[in-house]
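Chemist: Below you will find the structure I want to go over with you.
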Amino acid sequence: MPEGDASHRLARAFDNLFVGQRCAVSSPQGRFARSAELIDGAHLTSAHAVGKHLFLGFDGGPVPSWIHVHLGLYGSWRFSGDSTFVAPASIGAPRRAVTTLAADTGEWIPPDPVGQVRLRLRTAHGVADLSGPNRCELLTDEERIAAELKLGPDPLGPDARLAAPEFVRRVKSRRRAIGELIMDQAIAAGVGNIYRAEGLFVSGISPMRRGDRVSANRITILWDHLCDLMERGLEGGRIETVDPQDAPVPPLEGDLEASRWYVYHRTGRPCLRCGTPISEKLMQGRRLFWCAGCQH
DNA sequence: TTGTGATGGGGAC
DNA sequence: TCCCCCTCACAAT
Numbered sequence: 001m002p003e004g005d006a007s008h009r010l011a012r013a014f015d016n017l018f019v020g021q022r023c024a025v026s027s028p029q030g031r032f033a034r035s036a037e038l039i040d041g042a043h044l045t046s047a048h049a050v051g052k053h054l055f056l057g058f059d060g061g062p063v064p065s066w067i068h069v070h071l072g073l074y075g076s077w078r079f080s081g082d083s084t085f086v087a088p089a090s091i092g093a094p095r096r097a098v099t100t101l102a103a104d105t106g107e108w109i110p111p112d113p114v115g116q117v118r119l120r121l122r123t124a125h126g127v128a129d130l131s132g133p134n135r136c137e138l139l140t141d142e143e144r145i146a147a148e149l150k151l152g153p154d155p156l157g158p159d160a161r162l163a164a165p166e167f168v169r170r171v172k173s174r175r176r177a178i179g180e181l182i183m184d185q186a187i188a189a190g191v192g193n194i195y196r197a198e199g200l201f202v203s204g205i206s207p208m209r210r211g212d213r214v215s216a217n218r219i220t221i222l223w224d225h226l227c228d229l230m231e232r233g234l235e236g237g238r239i240e241t242v243d244p245q246d247a248p249v250p251p252l253e254g255d256l257e258a259s260r261w262y263v264y265h266r267t268g269r270p271c272l273r274c275g276t277p278i279s280e281k282l283m284q285g286r287r288l289f290w291c292a293g294c295q296h
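Written as structure tokens, this is what we have:
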């Protein structure tokens, strides 16, 4: 259930653990078997993310080959390896950690795949198992570029801060509610349901306000907040948006997550800033949360 | 044991 | 707007 912070964290993990190494590529589940065979044994040469999309580049084939992964709602990667292989147990949707099997010899042995593993990448030191992706496919370089061109500016992309005017332009040209717009990956790549709710709250913007009726100045502020919040999520390894200054001390009873999010999953609870009960409704089939007292 | 929801997205109407 | 896909943890029974 990753938003952009998770895919960028994944790109970093692959950069550290796999780039430059020869990879055994397989599909224990079978659904990616035909493609896996084509790049099995190739070297991973690059890893990068754009929005929620992860691109892994391989050499060795007749044409440049990319594995394109989008985790969707349920997808996740699970990592395990020897002592030189330092990675989080998993990134993406919640998954039980894999118990690492230590052989008597002390040598690392790849664990059996757990559950439905669409894709396994293995080096001499560790494995990455992908399960439940929305998308997992092999692309040519041309196709990879086309996929990236469909996406709007990424708050975690290179020079993201300079992209504010482009974000303003894309929002201003639409009449749809800004809460819908910023979930559109062609308008901002990487923003999902949590960053939508939290970004709009921190910016004081009502999710229902039409894009063309938000001032350029406020849209710029929203962009900067999205950059801030998502950088924090990327570095912290989890989405946390509440400024320590706003965190209730001691934490609110029965609201243990109170210091993590302002509005997301806090329906009916008091706003951490103004006390107004947090509102909820469906927007585009997704649960939307906001504070009617703080957002206009 | 069954049911349900979850940080997505695409395609058919 | 609805429907379908992908997977699994956790709640409800």
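For the first sequence, UniProt numbering begins at 1 and goes up steadily by one. Ideal placement from N, C-alpha and C gives every residue a C-beta, glycine not left out.
(1) Could you give the DSSP three-state label for residue 236: helix, strand or coil?
(2) Would you list the residues sitting across from residue 267 in a DSSP beta bridge?
(3) What would DSSP say about residue 84, mapped onto helix, strand or coil?
(4) Between the alpha carbons of residue 9 and residue 192, how many angstroms are there, rounded?
(5) Anyone know if the C-beta pair for residue 306 and residue 15 falls short of 8 Å?
(6) Since residue 264 contacts residue 226 with CB under 8 Å, what's their CB separation in whole angstroms?
(7) When DSSP labels each residue in this structure, what does residue 227 get in the three-state scheme?
(8) In the DSSP output, which residue or residues are listed as bridge partners for residue 137?
(9) As an exercise, report each continuous alpha helix (DSSP H) stretch of at least 4 residues that is fully enclosed by the stretch 31 to 57, in chain order.
(10) Have a look at residue 3 and residue 51 and give me their C-alpha separation to the nearest angstrom.
(11) May I have the straight-line CA-CA distance separating residue 125 from residue 245, to the nearest angstrom?
(12) With DSSP as the reference, label residue 131 as helix, strand or coil.
(13) Give me the Cβ distance between residue 129 and residue 77, rounded to the nearest whole Å; I'm assuming they're in contact under 8 Å.
(14) With a threshold of 16 other CB atoms inside 10 Å of the CB of residue 198, please say whether the residue is buried or exposed.
(15) Any idea what DSSP makes of residue 18, helix, strand or coil?
(16) Can you give the beta carbon distance from residue 205 to residue 295, rounded, assuming they're within the 8 Å contact cut?
Modeler: If we stick to the structure as given:
(1) Residue numbering aside, residue 236 sits at position 236 when the first sequence is read from its first letter. Residue 236 carries a helical assignment under DSSP once its states are collapsed to helix, strand and coil.
(2) For the purposes of this step, residue 267 is identified with residue 267 of the first sequence, where counting begins at 1. BP columns for residue 267 point to 278.
(3) By 1-based counting over the first sequence, the position of residue 84 is 84. Correct three-state label for residue 84: coil.
(4) Numbered from its first residue, the first sequence carries residue 9 at position 9. Numbered from its first residue, the first sequence carries residue 192 at position 192. Per the coordinates, the alpha-carbon of residue 9 lies some 15 Å from the alpha-carbon of residue 192.
(5) Because the chain here runs from 1 to 296, residue 306 falls outside it and cannot be looked at.
(6) Counting from one through the first sequence, the residue named residue 264 turns up at place 264. Counting from one through the first sequence, the residue named residue 226 turns up at place 226. No, residue 264 and residue 226 are not in contact; Cβ-Cβ is about 14 Å, not under 8 Å.
(7) The residue labelled residue 227 in the question sits at position 227 within the first sequence. Residue 227: helix per DSSP, three-state reduction.
(8) Stepping through the first sequence from its first residue, residue 137 is reached at position 137. Residue 137 is bridged to 68.
(9) 33 to 39
(10) On the first sequence, residue 3 is found 3 positions in, with the first residue counted as 1. On the first sequence, residue 51 is found 51 positions in, with the first residue counted as 1. Cα to Cα, residue 3 sits roughly 8 Å from residue 51.
(11) Translated into the one-based positions of the first sequence, residue 125 becomes position 125. Translated into the one-based positions of the first sequence, residue 245 becomes position 245. Approximately 43 Å between the Cα atoms of the pair.
(12) Along the first sequence, read from residue 1 onward, the residue named residue 131 stands at position 131. Three-state result, residue 131: strand.
(13) Along the first sequence, read from residue 1 onward, the residue named residue 129 stands at position 129. Along the first sequence, read from residue 1 onward, the residue named residue 77 stands at position 77. Indeed they touch by this definition, with Cβ atoms about 7 Å apart.
(14) For the purposes of this step, residue 198 is taken as residue 198 along the first sequence, with counting starting at 1. Only buried fits residue 198, as 16 or more other CB atoms lie within 10 angstroms of its CB.
(15) To locate residue 18, count along the first sequence from 1; it is residue 18. DSSP places residue 18 in coil when its eight states are reduced to three.
(16) Counting from 1 along the first sequence, the entry for residue 205 is found at position 205. Counting from 1 along the first sequence, the entry for residue 295 is found at position 295. Contact between residue 205 and residue 295 holds: CB atoms are separated by about 6 Å, below the 8 Å threshold.
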